[in-house]
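> Please see the structure below; I have some questions.
Protein chains: 4
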Amino acid sequence: MTDEQPNSDAPPRKQSREARRTQLIEATIAAIAVHGYSRITLTEVARTAGLSHGLVNFHFETKEKLLGETLIYLYDEYRQNWESYLAAAGPSPAAQLDALLRADFDPSICTQGRLAAWCSFWSETQGRPLYQERCGANDEKYNSGMQEIVARLLAESSYPGNPTLVARVIRLTSDGIWLDMMTLNAPYPPAEGLATLYACVAAFFPRHFGESGLLQRMKS
Amino acid sequence: MTDEQPNSDAPPRKQSREARRTQLIEATIAAIAVHGYSRITLTEVARTAGLSHGLVNFHFETKEKLLGETLIYLYDEYRQNWESYLAAAGPSPAAQLDALLRADFDPSICTQGRLAAWCSFWSETQGRPLYQERCGANDEKYNSGMQEIVARLLAESSYPGNPTLVARVIRLTSDGIWLDMMTLNAPYPPAEGLATLYACVAAFFPRHFGESGLLQRMKS
Amino acid sequence: MTDEQPNSDAPPRKQSREARRTQLIEATIAAIAVHGYSRITLTEVARTAGLSHGLVNFHFETKEKLLGETLIYLYDEYRQNWESYLAAAGPSPAAQLDALLRADFDPSICTQGRLAAWCSFWSETQGRPLYQERCGANDEKYNSGMQEIVARLLAESSYPGNPTLVARVIRLTSDGIWLDMMTLNAPYPPAEGLATLYACVAAFFPRHFGESGLLQRMKS
Amino acid sequence: MTDEQPNSDAPPRKQSREARRTQLIEATIAAIAVHGYSRITLTEVARTAGLSHGLVNFHFETKEKLLGETLIYLYDEYRQNWESYLAAAGPSPAAQLDALLRADFDPSICTQGRLAAWCSFWSETQGRPLYQERCGANDEKYNSGMQEIVARLLAESSYPGNPTLVARVIRLTSDGIWLDMMTLNAPYPPAEGLATLYACVAAFFPRHFGESGLLQRMKS
DNA sequence: GATGAATGAGCCTTCATTCAT
DNA sequence: GATGAATGAAGGCTCATTCAT
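Laid out in structure tokens, this is it:
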């Protein structure tokens, strides 16, 4: 993940501050993926990063701060992903909704390890100040964006649904599929996850979506 | 929960084995609701129960066994609730689905403390052997029951959906609402949760459900 | 070990004080044989005896007293054994020494379980006040008896040994064989133990002992 | 044991890994000498070493590993002692046997504290996997060495003894004297212990040994 | 007499944090 | 910057002892 100085065999004695922090955060994510949020230790993180125990505290002062910054890091990555999907989607609400749905299944996000870390983090952090403080605003942004798209789509459709409730159902289904993929003993493949999600939106917007995705129409 | 001698102010020195175990399990649930699954300590459980530390180990031997039995206790309570709802629903698939949906919002289940404990337990236990061992079979039963009801309902409807996917969307929405009620900073009231759930099923079965619930038809 | 009242299937509700104490002491010996002196618990003793936990304290007040009385019990058994051997030996010092040697290999003493308990007890108790207080005097008696016999035997022999040292060598060899039988991975059989002991005394008293035991002489 | 900076009164905050481990092992030996093997606690060991509780686990991970390494340490010390005695003894079997006997009474080994620790360790560890695993092979080496020397000596003598039994008697006597010195209320001095040992071997090899030791012969 | 629930002290172990080098 | 030894608080567990029934 980091490639640097000429002297390559020994661990680089000096690293830019940011590179070290990123290295430690990535190690934290990896450790969470393996052991779960509440079981990781600083020793484990340091060993995963191939660094010394004390360095963790040097860079992050406390364990809680490390975890907090890891959460932000993970969350930013997530947000940037759906924002870029959204930006690429154009003005059509159907295309925008489709973009949001597909964003969560992007290969860079929907990785084994990433997923494990993210879900573990999410489930053990939800409802605690740490999470609300840092991700509450982002969630809000995601949710209101989703809701606005849904409202526009409902206006286009004949479906007489409440935008708040419909947007919520879509969000819950999307989140739930991620949880399923992590917690089920024999999880279904991502493709089936996406199909499930489309089954949900197709029920609300049958003119725009089918179980296999966004319907391509001649004239919109 | 305890009924005994006139000298009532002091905690009774002796209790039947079962009563004490139940008392400790209830204290465990309360402690989980407050601190979360991975943060509770035996000391905390004992203090919540107003008993000594050693007594917990006397009755449950290890912390893990205590948590395991608590999980079973909680899960049995949950299962008995939806089973009795289902039993009262009669043969119609729409009524049966409605029963399953309303079951999760029964006042005896959908309590502040109960909800907190259950969600914390559920989210931190899912995917671990402990959970699969004890609740996997029950979950299976719930899911297959749900799926069968949905299949019958789809057959009655004109809706061309995949029963597996549709049943999954409904389950994820239902579970997600519980999580919302626990983890959101400003959660919506249970009534709105139920409305959300009906918004979901109404999308799939508009002839049977509306956003306010099961549609009463002339002739069934 | 004890068989009593008419009502035979239920554990006899009332036992004579002494019978209960003996029952508990025997259970203690058995538990020590299995787990070792420093690992036994009162719960284990009670379970071995088939009695309730609290009864142990009722009869012995503290664990230490139970162990102390068990030591006395075991020691008395041991002492009575060699005393009866000695009494049966007649006046000849060679026969008396032979009696002392054979006494330790009497089947009633040299049992698997007895041996285990005795050695475990002995090795973890030696040098502590508990042991010296209760068994010191007996040991003294045994040792001085042995020494006196050896002295008479040396007087009969041409061997110019110091009775104290010779008696000590015999005692150490005898004790050591017991330890060997307990601690060796592949211990030799009791018969070889006895042969070893005779090899020892034969070295000191070749006219009286051979490696197979006391030499029977025409005229003594 | 530690030699360092001018600021000498405070315990040095940092020590080389090996030095600390040795310091903790020595503290363990001291604690065993005082309290006995099965009674020591890590707290006691730490206090004896003047260090904190947690440091013990930092260096040895578990109590059992600490005891295991202490056993090895003690045993190596013991083995090196008799091996160096043996190496200095020359080829004569009588001199070699004499070396083995005297080795156990070397002042560096036969110390008050050392003796106490060793005997406590030995008597409570014998027959347990821990001991057999680590010292079984060494014991074997010692015993077979002793037996071979005895066999050669018997060949030289007119004494018709079984080498296995004779070597065993000598070993038991030697071990027993150590136990005596530890467990007796009024133990005899080491010199008398050695005399006892010589009384034993003199009985088997009167031409080579007297009660005061190896007989110096004109021509060998 | 007898039972077993209840208590609490003490142990081993883990681990975030500190700090000398 | 970086290391890893050192500390100490806290948790789970064991178990002798007490005591209501």
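Residue numbers (the numbering used here), protein chains in the order written: chain G, 1 to 220; chain P, 221 to 440; chain Z, 441 to 660; chain V, 661 to 880. The beta carbon of each residue, even a glycine, is placed where N, CA and C say it ideally should be. As the structure is a computational prediction, the values presented were derived from the model and not from experiment.
1) Is C640/Z close to chain V? Criterion is C-beta to C-beta, closer than 8 angstroms.
2) How is the alpha helix (DSSP H) around C330/P delimited, first residue to last?
3) What runs of the alpha helix (DSSP H), each 4 residues or longer, lie entirely inside the stretch 316–402 of chain P?
4) Among F121/G, V34/G, T183/G and L51/G, whose alpha-carbon lies nearest the alpha-carbon of R21/G?
5) Would you kindly report the start and end of the unbroken alpha helix (DSSP H) that includes Y638/Z?
6) Whole angstroms are fine: how far does the CA of D620/Z sit from the CA of A635/Z?
7) Out of T481/Z, V590/Z, L495/Z and Y518/Z, point me to the one whose CA is closest to L537/Z's CA.
8) Does G54/G come out as helix, strand or coil in the three-state DSSP assignment?
9) Would I32/G pass as an interface residue toward chain P - the criterion being a Cβ-Cβ separation below 8 angstroms?
10) Measuring only the C-alpha atoms, how far is Q132/G from A99/G?
11) What is the DSSP secondary structure of G250/G, reduced to helix, strand or coil?
12) Can you tell me whether L286/P is helix, strand or coil according to DSSP?
13) Using CA coordinates, which residue listed in Y159/G, Q216/G, R102/G and Y37/G is at the minimum distance from K63/G?
14) Span of the alpha helix (DSSP H) holding R647/Z?
15) Apart from the five residues just before and just after A202/G, which ones in its own chain have a Cβ nearer than 7 angstroms to its Cβ?
16) Quick one, are the C-beta atoms of A298/P and R322/P less than 8 angstroms apart?
17) Under the assumption that C795/V contacts V829/V (Cβ atoms under 8 angstroms), give the Cβ distance between them as a whole number of angstroms.
18) Hey, out of G750/V, E678/V, T843/V and D736/V, whose CA is closest to H719/V's CA?
19) Assign R391/P to one of two classes, buried (16 or more other C-beta atoms within 10 Å of its C-beta) or exposed (fewer than that).
20) Between P820/V, Q772/V and T833/V, which has its C-alpha nearest V694/V's C-alpha?
21) What are the boundary residues of the alpha helix (DSSP H) that Q463/Z is part of?
22) If the criterion is Cβ atoms closer than 8 angstroms, does the pair I177/G and S120/G meet it?
23) Could you check where the alpha helix (DSSP H) with E264/P kicks off and where it finishes?
24) Of the residues L275/P, E303/P, P410/P and Y293/P, which one's Cα is nearest the Cα of G365/P?
25) By the 7 angstroms beta-carbon criterion, what residues does the stretch 422–434 of chain P contribute toward chain G?
26) Helix, strand or coil: which one does DSSP assign to G433/P?
27) Quick check on P313/P: buried or exposed, where buried means 16 or more other Cβ atoms within 10 Å of its Cβ?
28) List the whole-angstrom C-beta distance separating E281/P from I245/P, where the pair is believed to meet the contact cut-off of C-beta under 8 angstroms.
29) Once DSSP output is grouped into helix, strand and coil, what is the label at N521/Z?
30) Would you say E106/G and N143/G are within 8 angstroms of each other, going by their C-beta atoms?
31) What do you get for D76/G, buried or exposed, if any count of 16 or more other CB atoms within 10 angstroms of its CB means buried?
32) For Q316/P, return the contacting residues in chain G, with the cut-off set at a CB-CB distance below 8 angstroms.
33) Does S123/G pass the burial test, meaning 16 or more other C-beta atoms within 10 Å, or should it be called exposed?
34) Give me the Cβ distance between L417/P and A315/P, rounded to the nearest whole Å; I'm assuming they're in contact under 8 angstroms.
35) Kindly list the residues whose CB is nearer than 7 angstroms to the CB of S817/V, restricted to its own chain and excluding five residues on each side of it in sequence; keep chain order.
Short version:
1) Indexing the third sequence from 1 puts residue 640/Z at position 200. Closer than 8 angstroms: yes.
2) The residue you call residue 330/P lines up with position 110 of the second sequence. Taken as a continuous stretch (DSSP letters only), C330/P belongs to no alpha helix (DSSP H), as it is neither H nor E.
3) As far as the stretch 316–402 of chain P is concerned, its whole alpha helix (DSSP H) runs of at least 4 residues are 332–345 and 349–376.
4) Taking the first sequence and counting its residues from 1, the one referred to as residue 21/G is at position 21. Nearest C-alpha to R21/G among F121/G, V34/G, T183/G and L51/G: L51/G.
5) Reading the third sequence from its first residue, position 198 is the one you call residue 638/Z. Looking at the DSSP string, the run of the alpha helix (DSSP H) that includes Y638/Z is P630 to F644.
6) To locate residue 635/Z, count along the third sequence from 1; it is residue 195. To locate residue 620/Z, count along the third sequence from 1; it is residue 180. Approximately 14 angstroms between the Cα atoms of the pair.
7) Here residue 537/Z corresponds to residue number 97 of the third sequence, with the count starting at 1. Taking only the C-alpha atoms, the option nearest L537/Z is V590/Z.
8) Position 54 of the first sequence holds residue 54/G. Reduced to three states, the DSSP call for G54/G is helix.
9) As a position in the first sequence, residue 32/G is number 32, starting the count at 1. For I32/G, the answer is no, since every Cβ of chain P falls outside 8 angstroms of its Cβ.
10) What you label residue 132/G is simply residue 132 of the first sequence in a count that begins at 1. What you label residue 99/G is simply residue 99 of the first sequence in a count that begins at 1. Spanning the two alpha carbons is a distance of roughly 26 angstroms.
11) Nothing about residue 250/G can be read from this structure; chain G reaches only from 1 to 220.
12) To locate residue 286/P, count along the second sequence from 1; it is residue 66. The answer is helix: DSSP assigns L286/P an H, G or I state.
13) On the first sequence, position 63 is the one that residue 63/G refers to. Taking only the C-alpha atoms, the option nearest K63/G is Y37/G.
14) Here residue 647/Z refers to the residue found at position 207 when the third sequence is read from its first residue. No alpha helix (DSSP H) holds R647/Z; DSSP gives it neither H nor E.
15) Indexing the first sequence from 1 puts residue 202/G at position 202. Excluding residues within five positions, the ones whose Cβ falls inside 7 angstroms are F209, G210 and E211.
16) To locate residue 298/P, count along the second sequence from 1; it is residue 78. To locate residue 322/P, count along the second sequence from 1; it is residue 102. Sequence inspection shows Tyr at residue 298/P; the Ala mentioned does not correspond to that position. For Y298/P and R322/P, no; Cβs fall outside 8 angstroms.
17) Here residue 795/V refers to the residue found at position 135 when the fourth sequence is read from its first residue. Here residue 829/V refers to the residue found at position 169 when the fourth sequence is read from its first residue. Contact annotation, C795/V with V829/V: C-beta distance approximately 21 angstroms; criterion of less than 8 angstroms not satisfied.
18) Numbered from 1 along the fourth sequence, position 59 holds the residue referred to as residue 719/V. The residue with the shortest Cα to Cα distance from H719/V is E678/V.
19) What you label residue 391/P is simply residue 171 of the second sequence in a count that begins at 1. With a threshold of 16 other beta carbon atoms within 10 Å, R391/P meets it and is buried.
20) Taking the first residue of the fourth sequence as position 1, residue 694/V is located at position 34. Measuring from the Cα of V694/V, the nearest candidate turns out to be Q772/V.
21) Mapped onto the third sequence, residue 463/Z falls at position 23. DSSP places Q463/Z in the uninterrupted alpha helix (DSSP H) bounded by R457 to H475.
22) Locating residue 177/G in the first sequence gives position 177, where the first residue counts as 1. Locating residue 120/G in the first sequence gives position 120, where the first residue counts as 1. Taking C-beta atoms as the reference points, I177/G and S120/G fail to come closer than 8 angstroms.
23) Position 44 of the second sequence, counted from the first residue, corresponds to residue 264/P. L262 to A269 is the extent of the alpha helix (DSSP H) around E264/P.
24) If you number the second sequence from 1, residue 365/P lands on position 145. Among L275/P, E303/P, P410/P and Y293/P, the Cα nearest to that of G365/P belongs to E303/P.
25) Answer in chain order: A423, F424 and E431.
26) Counting from 1 along the second sequence, the entry for residue 433/P is found at position 213. Strand at G433/P.
27) Looking up residue 313/P in the second sequence gives position 93. With 16 or more other Cβ atoms within 10 Å, it is buried.
28) Numbered from its first residue, the second sequence carries residue 281/P at position 61. Numbered from its first residue, the second sequence carries residue 245/P at position 25. 14 angstroms between Cβ atoms; not a contact.
29) For the purposes of this step, residue 521/Z is taken as residue 81 along the third sequence, with counting starting at 1. DSSP places N521/Z in helix when its eight states are reduced to three.
30) If you number the first sequence from 1, residue 106/G lands on position 106. If you number the first sequence from 1, residue 143/G lands on position 143. In the sequence under discussion, the amino acid at residue 106/G is Asp, which differs from the Glu named in the question. No.
31) Position 76 of the first sequence, counted from the start, is the residue given in the question as residue 76/G. By the neighbour-count criterion, in which a residue is buried when 16 or more other Cβ atoms sit within 10 angstroms of its Cβ, D76/G is exposed.
32) Residue mapping note: residue 316/P aligns to position 96 of the second sequence, counting from 1. Against chain G, the beta carbon of Q316/P has no neighbour under 8 angstroms; the closest one sits roughly 20 angstroms away.
33) Position 123 of the first sequence holds residue 123/G. Buried.
34) The residue labelled residue 417/P in the question sits at position 197 within the second sequence. The residue labelled residue 315/P in the question sits at position 95 within the second sequence. Not confirmed; about 15 angstroms, so no contact.
35) Locating residue 817/V in the fourth sequence gives position 157, counting from the first residue. Excluding residues up to 5 positions away in sequence, F865 and R867 lie with their Cβ nearer than 7 angstroms to the Cβ of S817/V in the same chain.
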